[in-house]
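Numbering (the numbering used here), first residue to last: 4 to 252.
Pasting the structure below:
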């Protein structure tokens, strides 16, 4: 057996964790880092695996390159900033004006207030007109063509969400001219063995960085299960920076 009763573990799930008890394959489990409490560990698996898979595994982000992360103050966004810096990359993010300081404090090299600035112009400026190497996008919609404009020659746009719309006209000509890649990805729909393989690689490459403090979960607030509607309202208002945790006990 890989684990015994009483071990503190964490994992991605097959479709949500609003429950006192869930079943997860033992090879998907990860130890809770010593530097992170069991409750706080709930803020790690989904967002850090998503961000790392998108930026590093799918996007090929490496030291010295530029990443652009949309929704930089979200759970995935705050994880992505830390991961990009951990691999030695430069990271630009978009967020609302009220969250600029919080996102900058996480280590972002460029913070774009999407309500007042154009992320295409700003990323072109800091990269000398070249564009960014990897884009992590949870928005979709009209961001798709703007991402194509912002990405560098042979760059990659990794689409992990569609909060701004699931369908949109796409400038295929610009994609061809840049010889870029537009990659769609999601964790939930993957076969079990693929999830296990990804988890085991994350354990080897990223989990030790929580022990050293290079990575740390960003938690905005906590709510008991009987106040879950309030937690959802915070998210719907786009008021949070990082994760919202629910105590289901």
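Every residue gets a Cβ at the ideal spot worked out from N, C-alpha and C, and that includes glycine.
Note that the coordinates shown come from a computational prediction; the quantities given were computed from them, not determined experimentally.
Alpha carbon to alpha carbon, what distance is there between residue j and residue i?
i: residue 118; j: residue 99; result: 6 Å
i: residue 66; j: residue 58; result: 12 Å
i: residue 235; j: residue 220; result: 19 Å
i: residue 26; j: residue 195; result: 13 Å
i: residue 243; j: residue 95; result: 19 Å
i: residue 44; j: residue 36; result: 8 Å
i: residue 253; j: residue 233; result: With the chain covering 4 to 252 only, the question about residue 253 has no answer from this structure.
i: residue 211; j: residue 53; result: 17 Å
i: residue 130; j: residue 208; result: 28 Å
i: residue 104; j: residue 60; result: 29 Å
i: residue 109; j: residue 247; result: 17 Å
i: residue 12; j: residue 4; result: 14 Å
i: residue 157; j: residue 181; result: 6 Å
i: residue 191; j: residue 19; result: 10 Å
Measuring alpha carbon to alpha carbon, tell me which of the options ends up nearest residue i.
i: residue 230; options: 250, 244, 219; result: 250
i: residue 62; options: 245, 42, 187, 13; result: 187
i: residue 145; options: 172, 215, 227; result: 172
i: residue 76; options: 97, 91, 136; result: 97
Taking residue i and residue j to be in contact with their CB atoms under 8 Å, please state how far apart those CB atoms are, rounded to whole angstroms.
i: residue 141; j: residue 164; result: 3 Å
i: residue 6; j: residue 23; result: Contact doesn't hold; Cβ gap of about 19 Å is too wide.
i: residue 201; j: residue 10; result: Wrong, their Cβ atoms sit about 21 Å apart, outside the cutoff.
i: residue 138; j: residue 154; result: 6 Å
Per the DSSP calculation, residue i is bridged to which residue(s)?
i: residue 185; result: 160
i: residue 2; result: There is no way to answer for residue 2, as the model of the chain reaches only from 4 to 252.
query: Which runs of the alpha helix (DSSP H) fall wholly inside the region 73 to 135 and span at least 4 residues, in chain order?
result: Fully enclosed alpha helix (DSSP H) runs of 4 or longer: 78 to 89, 103 to 108, 122 to 129.
field: Secondary structure, alpha helix (DSSP H): runs of 4+ residues fully inside the region 214 to 247
entry: Within the region 214 to 247, the complete alpha helix (DSSP H) runs of at least 4 residues are 231 to 239.
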